[in-house]
Amino acid sequence: MLVTMCVGYFLVLLDVTIVNVALPQIGSGLHTQVSGLQWVVDAYALALAALMLAGGTIGDLRGHKRVVLIGLAVFGLGSLGCALAPNVAALIAGRAMQGVGAALLLPGTLAIVSQTFPDRRAQARAIGVWAGVGSLALPAGPLLGGALIAAFGWRAVFMINVPIVLLAIAACVVVVKESAQPGTRRLDAAGAVLGALFLLALTFAFIERGRSGVARPGVVIAAACSVALLSAFVLVERRRGEQAMLPLALFRHRAFSAANAAAGAMNLGTLGTLFVLTLFLQSVQHRSALNAGLSLVPLFAPLAILAPLAGRLTSRIGSRLPTVAGLTVAAGGLALLLPADAGSGYLVLLPAFLLWGIGIGVLTPAVVAAAIAAVPERREGLASAVNNTARQAAGAIGIAVAGAMAGQPGNAGFTAGFHTVALLAACLYVLTAAAARFLIPGKQAAAG
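Following my numbering, the numbering of the sequence shown begins with 2 at its first residue and continues without gaps.
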């Protein structure tokens, strides 16, 4: 059972990073520009962010095994659609379908692990294995993606999911027991729809603004719609109170708001910069997909190595110091990207990747722990889900903003745009670290 749930979580995180190294090949193969590539990445992130909280509630009501099986099937069909996509529109649709499957799958994998191991110590060990295997997907994504592209082309990064999903479905049917908690909560369909539409409208505004270079009527309308949708979302969630998809009362806890803001800033800066970085490595420095994937391993490896250690450190000293230190170190790594140009060797990039990765590796468990510690008991699962949603939503927006700022890789100003993205991400990290110093407590007890 544990192996099956780990495979599901691994696939969800793998498709966050594996696609990045394929972007130049997708662009040339499907004849699409940066705006199309932004949607290829963001369609997955938006669907995952918008539906993750709803996915957990559906699992509570209908049974986590059933929902995980549906999530695996949807994810697998989406992957097959991506692999066979004849054009970029079909690829974007497939990526959105993958995101829907991931949103159903991700909360259920953790819920099944938690329910299968009711003993607290055994549960903690099982969740540690689940988190550790999932974190391996981050360094594996660029490396595996580069190797698959070199051997079979970009479609292979999607096709590889299909046999893995089939095996996971078969294993889930055999080894996982069903569970449901009918009557615990009601599905907040209105909140889920309004939240998804808000993220879609906001992302569309940024991507189209970058593509056209001017604030055309469609961009202005999308921006106005995003404001209206956000207002409607807040109003609906306030009225639903504790039954809301996103209970707004949680944000009355200052530390909870600060932790989620730090988590969002982390992904906004990291995924935005990573989007233009992978284009820079292949389109400006003319590295192969495999070479680019290998180059990025020092960035992602610290996430897998340091996360368990940082989690234990956070449990001893609290979240404040690891959050501030992680953001500051990551900002230093991003700043080291500024001298990079078309002729820079890997020794220019390596220190930047290492510092950036170390900072994020220390930061990630700290912001999750801070969010969980800031809420009352029995709300830990919701706090973790909100934190995850904040990261995915901010990451999608970061990709939209970064792509709009950098422009086309073939343009003369792309490298300067890449530097601007990295610099602004570094500044965002420094400002967030300063705020976290005052808003996130040190060693603390769980909120009552």
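Where is the CB? At the ideal position from N, CA and C, for every residue including glycine.
Residue i and residue j closer than 8 Å at C-beta
i    : j    : result
V177 : L3   : no
L106 : G72  : yes
V22  : G294 : yes
A157 : A104 : no
A395 : A197 : no
P108 : A426 : no
L297 : P410 : no
A436 : A260 : no
V41  : I27  : yes
T110 : M6   : yes
I59  : V68  : yes
F257 : A372 : yes
G1   : V163 : Since the first and last residues shown for the chain are 2 and 449, residue 1 lies out of range.
L52  : A193 : yes
Q39  : I208 : yes
G79  : G95  : yes
F118 : A112 : no
R255 : L54  : no
A91  : G82  : yes
Spatial neighbours of residue i in its chain, beta-carbon cut-off 6 Å, leaving aside the 5 residues before and after
i    : result
A434 : V325, L328, T329
C226 : A202
V8   : A169
V89  : L31, T33, G37
G443 : G319, R321
R210 : V220, A405
Where residue i falls: helix, strand or coil (DSSP)
i    : result
A446 : Because A446 carries a pLDDT of 44, less than 50, the predicted location of this residue cannot be relied on, and the following value inherits that uncertainty. DSSP places A446 in coil when its eight states are reduced to three.
A86  : coil
A264 : helix
A336 : helix
T33  : coil
D189 : coil
A343 : coil
N412 : coil
I161 : coil
I441 : coil
H254 : coil
I93  : helix
P303 : helix
I19  : coil
W155 : coil
F118 : coil
V8   : helix
Q393 : helix
A375 : coil
G319 : coil
V298 : helix
H287 : coil
V277 : helix
V101 : helix
V369 : helix
V177 : coil
Cβ shell of residue i (< 7 Å), same chain only, five flanking positions each side left out
i    : result
A50  : L200, T390, Q393, A394, A397
A407 : V277, F415, G418, F419, V422
T204 : D43, L47, A397, I398, A401
A341 : V349, L350
L14  : G135, A138, L139
A367 : A311, T315, S320, P323, T324, G327
L145 : I19
Own chain, CB closer than 8 Å to residue i, minus 5 neighbours either side, in chain order
i    : result
I306 : G362
L304 : S136, L139, P140, G358, I361, G362, T365
V235 : L249
A97  : A44, Y45, L47, A48, G79
W131 : L3, M6, C7, Y10, T110, L111, V114
Within-8 Å CB hit, residue i to chain B
i   : result
S80 : Note that chain B does not occur in the displayed structure, where there is just one protein chain.
### Query
Can you find at least 3 beta carbon pairs, one from the segment 282-300 and one from the segment 148-157, that sit closer than 8 Å?
yes
### Length at least 4, wholly inside the segment 201-247: the alpha helix (DSSP H) runs in chain order
218-241
### Message
Taking 8 Å as the cut-off, does the segment 331-338 touch the segment 350-366 (at least 3 CB pairs, one atom from each stretch)?
### Response
yes
### Query
Whole alpha helix (DSSP H) runs in the segment 61-86 with 4 or more residues, listed along the chain?
65-84
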